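Peer 1: Dumping the structure here so I can ask a few things about it.
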Amino acid sequence: MQTDFSPAQLADKDIAASEAIIRKCVHCGFCTATCPTYVLGGNELDSPRGRIYLIKDMLENERVPGPEVVKHVDRCLSCLACMTTCPSGVNYMHLVDHARAYIETHYRRPLAERVLRAVVASVLPYPKRFRAALRLAGLARPLAGLLQGIRPLRPAASMLQLAPARLPPQARLPASPAGARGRVVLMQGCAEPVLRPEIRAATMRLLERCGYQVSFAPGEACCGALTHHMGREAEALAAARRNVEAWSREIEAGLEAIIITASGCGTTIKDYGYMLRDDPLYAEKAARVSALAKDVSEVIEAAGLPARVEIPARIVAYHPPCSIQHGQKLTTGPQNLLRAAGFTVKLPADSHLCCGSAGTYNIFQPEIAGQLGARKAQTLEALRPDVVATGNIGCAVQIGQHSGLPVAHIVELLDWATGGPAPAGL
Amino acid sequence: MTPQNTKEVCEIIGQALADGEKLEIVGGGTRAQIGAPREIPTLCLAGLSGILEYDPAELVLTARAGTPLAEIEAAVAERGQGLAFEPYGAAGSTIGGVLAAGVAGARRVSAGGARDHLLGFEAVSGRGEIFRAGAKVVKNVTGYDLPKLLCGSWGRLAALTEVTLKVLPRAPERVTLCWRGLADEPAFALMRAALRAPCDVAAAAHLPGEATMLRLDGVGPSIAARRDYLGAALAAYGPPEALDDAAPLWARVQGGAGLTTEAPLWRLSLPPRAALGAIAPLLAAGGAYLADWAGGLIWLALEGREALIREAADAAGGHATLMRAPAEIRARIPALHPQALGVEALSRRVRRGFDPMGIFETNRFLDEADAD
Amino acid sequence: MPLPDQRVLARRDEIIKALRQIVPGEGVIDAPHELRPYESDGLTAYRQPPMVVVLPETVEQVAAVLRYCKGQNIKVVPRGSGTSLSGGALPLADAVLLGMGRFKKILEIDYEDRLAVVQPGVTNLAITKAVEGEGFYYAPDPSSQIACSIGGNVAENSGGVHCLKYGLTTNNVLGVQLVTMEGEILRFGGKALEAPGLDLLGIIVGSEGLLGVVTEVTVRILPKPETAKALLIGFPSVESAGQCVADTIAAGIIPAGMEMMDKPAIHAAEAFVQVGYPLDVEALLIVELDGPEAECSHLIQEVEAIARANQAGMIRISRDEAERLAFWAGRKAAFPAVGRISPDYYCMDGTIPRAKLPVVLQRMNALSEQYGLGVANVFHAGDGNLHPLILYDANKPGELERAEEFGADILRLCVEVGGVLTGEHGVGVEKRDLMPAMFSEDDLRQQQRLKCAFDPELLLNPGKVFPSLHRCAELGRMHVHRGALPFPELPRF
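Chains as they are written, first to last, in numbering that gives the first Met the number 0: chain Y, 0 to 425; chain X, 0 to 371; chain H, 0 to 492.
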């Protein structure tokens, strides 16, 4: 597409990067076909092509973003299905990340929004605070209905509704013995260990069976995806740097891979190299970290599934998280692993379409998230599976909200098939 | 009046305009018996005859509109090609005539109708102006698709002087599979099932109480493979005969020729699934029928009951055309099925765009517009 | 384009308010920044924000909007998925842009009668996806089929690779529901093979949004062929490839698809998808045959023999479905592949008699040198539909204009050799001013009288397809030939 940036504007590296991305767009519209918000609403403004246009207008004209632009960018799930579909190689992810950061620094949100976003950014990335908040949420749950009726407070209602009824107890994990394949660091994350600690336990057992020694990196914390997707760049980069430091120390001690079980984090960690490209102190280390970051399915696939044990035959409906299929472009690996483990694997209709979790999307955009969640649940239930398998904590929670089917992380199923306990609900 | 070239056609139409006269456009006059009896001067285009261009590799043939259909068919057959919509007509039938009457044979169900094979034309409008539309290539979307409109327009828009047709290769072999003595319901179900199969069935017809036929066109090995597939898919109906010369049977289907009664002949175009149900009351009233286009085309011979016939067609989402009847009936009953009011008014406005003075409005179809 | 009506613009606020009464909520868009993304379709060289965007959800809303606009003399531009390559959905400054993207339902699938009834915003590929479980598909397959809407396909009479054997949209549509500018909701065609009376359905398809707004489409669905096989054939010259195509057709073979790419296109595609296209050939032919296994095998042998007789160098035959798709991957990615080697490209569309391909390519190469812009060619060899891709950089002053002039010269050349201006993309804005190259003034007037029957005030999609805007009264005037005509000055239309 034709762009109209001045040389002065292009002197800014971020603007120049976004300009290069925009130039690749030929406005063909293929992306609208797979964009969940366009599929639901039929409005060009809520499509990748439309958002690219809005962002281009905003950046070219150095506007103070108006509420309309913010509305449509906020509605983007960052599912990246558009990147999978785009024939021209537009890196929409980097463009919308830049746009969010730009909006955060140039646009003053209404008070209620600012407060809610601040609460989310200061609670969810911190497991201790998150646990405390979830206990409070249990008490405040009856208020959800009331909050639902007040438009600006709907996200608060969503948060209460998403909070689990009971908090699982925190488990002590035994130390991992040395393994023939070497050492890996298992990323702990923020939401996953609080909501579903059994995933980490299953992952450790599986990795150890494969011959890896599993360590944890002191000083590691939330990957920063959450604040990154809210446009809070300073916090996101701080989180990235912190993790790069923590993992660089581990890399120096000898490391095969940094393993991630929440694929939403995986996409961001693999992008650390890009995010910190302009930071002379961190650029190289971040690139090395990104290169070593792997989704757990990649590592198991490369190592080969350990020997199977006898388990009952089960039909698994596999829900590929957007971050896996579009973000990290892992299309056949997880399914192949599940089949190799002896499960009957089926894909739902429109498996490329987001379930609506999208990080904190189901908090801030409850209507659209609700519609997408209902659609996803319907397509999964149509398969009449015994269990839904997925690779991201967000998807697991979202699907759990909209369907009564048992939901497991793929590592839990692989663990079960190779000697571990049956996941809950099976 | 029998002009010999386009200029003479213009003059005749111009004269009719000046004199306030009406004109009926005629080709070979082989379909004059369709429509109300009328005494209108004819503009006979049979004098505009001859193939102008024919390029088999481009799949395109251009001929003057009055060229006999037989001449065109012979020319293309020589090069192993044919008109895929299988038009037909009595001796003297012209290509312009079959296009204007929207004639198509059994293969219409798979290959499309006249309108799917007219690529371009030249004509003289009711304003006396020569105009061209469409083109001489098969892939064209430049401007409105007027060739579609001219097909089946019964000479009410313009006098065709030159037509460009899409021609297609003729299959080297054809086989007709024939089931004998099937009752109506299973026969129709069989035809529909055959068309749902990935077997490229060229045509499907049913002569009640006698024969249900499927035609397969193509090359030997392909026909054999498709025969096997259909044999298995349609096993419930019993094994078919394979007829090498089914021409007499198909000849009876064409144009409803197999219905030899003196009763008026109707042509019903219906959604295939609804067809049998739609004609049930008409058969109960004494009608005889045969079915083509897998049940999508019903030839019906029935005395009287004109309103019932049209209602039945309407209710099924189709329409009924009166093809042959004594003059006295044709004077009362419009040959063409009445259209919904909004569409009728729109059609009238479209016709006036070609023929503002109404010189082609001969009341043949008993729907002549009132004067402005 | 017609000049904006200042009286309409002056009443903009009142109009928007009235439209909000008809289509509530986010269905009416009027904020200036929000109008910008609607200012263009797939042809970004042309941009014009509309006065307001309306996104209706029901047929009644469409009828009410059109009735209101007719009463207020407001122009209306319909829009599907906005993927048109000819500017068909380009708005006007004083027009309502009527987006049909919310009409996304598949209303009925009838496997017995082999048809589907869908709303116009349903994408072309979505129809095939809805019926493929039962072994059916919708045949016309434009390259944008993932995103283009069936309503848009009806407006443009879209084609695609497989239209050689299976026809264009118009050969696969059984009926439409259309709302006229009056707000009348009319049906044309339906489930029967033919409609009574004039074939108005036949002119609505391909009418580029000028005659009415389509609100429902009934399409033919076909049983999926048992198998499909493809040949990838390399030729030492365009002439030999072209002769191979002619010989194939002369031998009585109509393949499911037959596509040609010239050397620049081959190189661009291979760089993008790496499927093993030969880089040392002047022309590549991809021929697809579908049908029963026995037929495919037989025809493949015949085509192979014809290719060898025409000096084919490399011939590969797909051994399985995956390989067949791989052969096509490069061709299907040809446009975006070219987009990766050039900041912008201008995709042309014209049809020529197949035999003229070598001379047209020669003249095009000469033009390419003259204009200083590269060109790659993708050709629907089976039906003569040519897609030259002109490479340019919109950010370099003057290059867009030169690309457009180059494109216009190519289209004039197509008409000159006996072809047409557009084989499947439509006239839109892009080729409007070239219509006189193909049609006489009388021809164009006769076509425009058709429009007068549907939309006498010329409010639907003005400025598209026809270069001169004649008022219907003027078009209705009769010339006097001989003798006197009663009341000659009275408009008759």
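Ideal Cβ positions, reconstructed from N, Cα and C, are used throughout, including at glycine. Remember, predicted model here, so these are calculated numbers, not experimental data.
(1) Quick check: is the beta carbon of H:Asp391 nearer than 9 Å to any beta carbon in chain X?
(2) Across the stretch 158-166 of chain X and the stretch 177-190 of chain X, are there enough close Cβ pairs to call them in contact, namely three or more that are closer than 8 Å?
(3) Going by C-alpha distance, which of H:Arg307, H:Val178 and H:Ile232 is nearest H:Ile285?
(4) Taking H:Pro141 and Y:Pro86 to be in contact with their CB atoms under 8 Å, please state how far apart those CB atoms are, rounded to whole angstroms.
(5) In angstroms with no decimal places, state the Cα-to-Cα distance between H:Lys16 and H:Val61.
(6) Hey, how far is the Cα of H:Leu388 from the Cα of H:Glu403?
(7) Along chain Y, which residues have their Cβ under 9 Å away from the Cβ of H:Thr169?
(8) Take Y:Pro151 and list the residues in its own chain whose beta-carbon comes closer than 6 Å to its own, dropping the five residues that flank it on each side.
(9) Cβ of Y:Glu366 less than 9 Å from any chain H Cβ?
(10) By the DSSP assignment, the beta strand (DSSP E) with H:Cys346 in it spans what residues?
(11) What residues are listed by DSSP as bridge partners for H:Gly188?
(12) Using 8 Å as the cut-off, can you tell me whether the stretch 363-376 of chain Y makes contact with the stretch 36-46 of chain Y, which would need three or more C-beta pairs spanning the two stretches below that distance?
(13) What are the uninterrupted segments assigned as alpha helix (DSSP H) that are 4 or more residues long and contained completely in the stretch 167-203 of chain Y, given in chain order?
(14) To the nearest angstrom, how far is it from the Cα of Y:Arg165 to the Cα of H:Tyr37?
(15) For H:Asp12, which three-state DSSP category applies?
(16) Run through DSSP, which three-state label would X:Cys43 get?
(17) For Y:Arg153, count neighbouring C-beta atoms within 10 Å of its own C-beta (all shown protein chains included) and say buried if the count is 16 or more, exposed if not.
(18) Of all the residues that make up the stretch 60-91 of chain H, which are near chain Y by a beta-carbon distance shorter than 7 Å?
(19) Quick one: what's X:Gly294 bridged to in DSSP?
(20) Mind listing which residues of the stretch 128-139 of chain X have their C-beta closer than 8 Å to chain H's C-betas, in chain order?
(21) Identify the contact partners of H:Tyr136 in chain X, using a Cβ-Cβ distance below 7 Å as the criterion.
(22) Given a limit of 7 Å on CB to CB distance, which residues of the stretch 291-303 of chain H reach chain X?
(23) Looking at the strands, I want to know which residues DSSP matches up with X:Tyr53.
(24) For H:Asp432, count the other beta carbons within 10 Å of its own beta carbon; 16 or more makes it buried, fewer makes it exposed. Which is it?
(25) Y:Val308: buried (16+ other C-beta within 10 angstroms of its C-beta) or exposed?
(26) Closer than 9 Å, Cβ to Cβ, to anything on chain H: give me those residues from the stretch 197-212 of chain X, in chain order.
(27) Please state the DSSP three-state secondary structure of H:Phe492.
(28) Below 8 Å on the Cβ atoms is my guess for X:Gly133 versus X:Pro146; work out the distance and round it to an integer in Å.
(29) First and last residue of the alpha helix (DSSP H) that includes Y:Glu249?
(30) Would you say Y:Leu44 reaches chain H, if we count a Cβ-Cβ gap shorter than 9 Å as a contact?
(31) I want to see whether chain X comes within less than 9 Å of H:Ile305, judged by CB atoms only; does it?
(32) Reducing DSSP to helix, strand and coil, say where Y:Val69 ends up.
(33) Please identify, using Cβ separations under 9 Å, the residues of the stretch 76-99 of chain Y that lie next to chain H, in order along the chain.
(34) On a Cα-Cα basis, can you pick out the residue from X:Pro220, X:Asp199 and X:Asp243 that is closest to H:Glu225?
(35) Any idea what DSSP makes of H:Cys295, helix, strand or coil?
(36) Where does Y:Val63 land, buried or exposed, given buried means 16+ other C-beta within 10 angstroms?
Peer 2: Judging by the given coordinates:
(1) Taking the first residue of the third sequence as 1, we reach residue 391 of chain H at position 392. It is worth fixing the name first, because residue 391 of chain H is Tyr in this sequence and not Asp. Not closer than 9 Å to any Cβ of chain X, the Cβ of H:Tyr391 fails to qualify, so no.
(2) no
(3) The residue given as residue 285 of chain H occupies position 286 in the third sequence. Here the closest residue by C-alpha is H:Ile232.
(4) Looking up residue 141 of chain H in the third sequence gives position 142. Looking up residue 86 of chain Y in the first sequence gives position 87. Incorrect: roughly 14 Å between the Cβ atoms, too far for contact.
(5) Reading the third sequence from its first residue, position 17 is the one you call residue 16 of chain H. Reading the third sequence from its first residue, position 62 is the one you call residue 61 of chain H. H:Lys16 and H:Val61: Cα-Cα distance of roughly 16 Å.
(6) Indexing the third sequence from 1 puts residue 388 of chain H at position 389. Indexing the third sequence from 1 puts residue 403 of chain H at position 404. For H:Leu388 and H:Glu403, the distance between alpha carbons rounds to 11 Å.
(7) As a working mapping, residue 169 of chain H is identified with position 170 in the third sequence. For H:Thr169, there are no neighbours in chain Y by C-beta distance under 9 Å, as the nearest C-beta there is about 23 Å away.
(8) On the first sequence, position 152 is the one that residue 151 of chain Y refers to. Contacts found: Ala111.
(9) Stepping through the first sequence from its first residue, residue 366 of chain Y is reached at position 367. Cβ-Cβ to chain H under 9 Å: no for Y:Glu366.
(10) As a position in the third sequence, residue 346 of chain H is number 347, starting the count at 1. H:Cys346 -> beta strand (DSSP E) spans Asp343 to Cys346.
(11) Translated into positions along the third sequence, residue 188 of chain H becomes position 189. H:Gly188 is bridged to H:Gly174.
(12) yes
(13) 190-194
(14) In the first sequence, counting from the first residue as 1, residue 165 of chain Y sits at position 166. In the third sequence, counting from the first residue as 1, residue 37 of chain H sits at position 38. Distance between the alpha carbons of Y:Arg165 and H:Tyr37 is about 48 Å.
(15) The residue given as residue 12 of chain H occupies position 13 in the third sequence. Helix, per DSSP.
(16) As a working mapping, residue 43 of chain X is identified with position 44 in the second sequence. Correct three-state label for X:Cys43: strand.
(17) For the purposes of this step, residue 153 of chain Y is identified with residue 154 of the first sequence, where counting begins at 1. Y:Arg153 is buried by the Cβ-count criterion.
(18) Ser80, Gly81 and Thr82
(19) Counting from one through the second sequence, the residue named residue 294 of chain X turns up at place 295. BP columns for X:Gly294 are empty, so no partner.
(20) Glu128, Ile129, Phe130, Arg131, Ala132, Ala134, Lys135, Val136, Val137, Lys138 and Asn139
(21) Residue mapping note: residue 136 of chain H aligns to position 137 of the third sequence, counting from 1. Going along chain X, no residue has its Cβ under 7 Å from H:Tyr136, so there is no contact; the nearest lies around 10 Å.
(22) Pro291, Glu292, Ala293, Glu294 and His297
(23) Taking the first residue of the second sequence as 1, we reach residue 53 of chain X at position 54. According to DSSP, X:Tyr53 bridges with X:Leu60.
(24) One-based indexing of the third sequence puts residue 432 of chain H at position 433. Under this definition H:Asp432 is an exposed residue.
(25) Working through the first sequence from its first residue, we reach residue 308 of chain Y at position 309. Exposed.
(26) Pro197, Cys198 and Asp199
(27) In the third sequence, the residue the question calls residue 492 of chain H occupies position 493. For H:Phe492, the pLDDT reaches just 41, beneath the cut-off of 50, and the residue's location in the model is therefore unreliable, leaving the point undetermined.
(28) Stepping through the second sequence from its first residue, residue 133 of chain X is reached at position 134. Stepping through the second sequence from its first residue, residue 146 of chain X is reached at position 147. Their Cβ separation, rounded to whole angstroms, is 4 Å, which keeps X:Gly133 and X:Pro146 in contact under 8 Å.
(29) For the purposes of this step, residue 249 of chain Y is taken as the residue at position 250 of the first sequence. First-last of the alpha helix (DSSP H) with Y:Glu249: Glu232 to Glu251.
(30) As a first step, residue 44 of chain Y is located in the first sequence; it is residue number 45 there, counting from the start. Chain H, which has a Cβ nearer than 9 Å to the Cβ of Y:Leu44, makes this yes.
(31) Against the third sequence, residue 305 of chain H aligns to sequence position 306. The beta-carbon of H:Ile305 is placed no less than 9 Å from the nearest beta-carbon of chain X.
(32) Taking the first sequence and counting its residues from 1, the one referred to as residue 69 of chain Y is at position 70. Helix, per DSSP.
(33) Thr84, Cys85, Pro86, Ser87 and Gly88
(34) Taking the first residue of the third sequence as 1, we reach residue 225 of chain H at position 226. Among X:Pro220, X:Asp199 and X:Asp243, the Cα nearest to that of H:Glu225 is on X:Asp199.
(35) In the third sequence, counting from the first residue as 1, residue 295 of chain H sits at position 296. The answer is helix: DSSP assigns H:Cys295 an H, G or I state.
(36) By 1-based counting over the first sequence, the position of residue 63 of chain Y is 64. When all chains shown are included, Y:Val63 counts as exposed.
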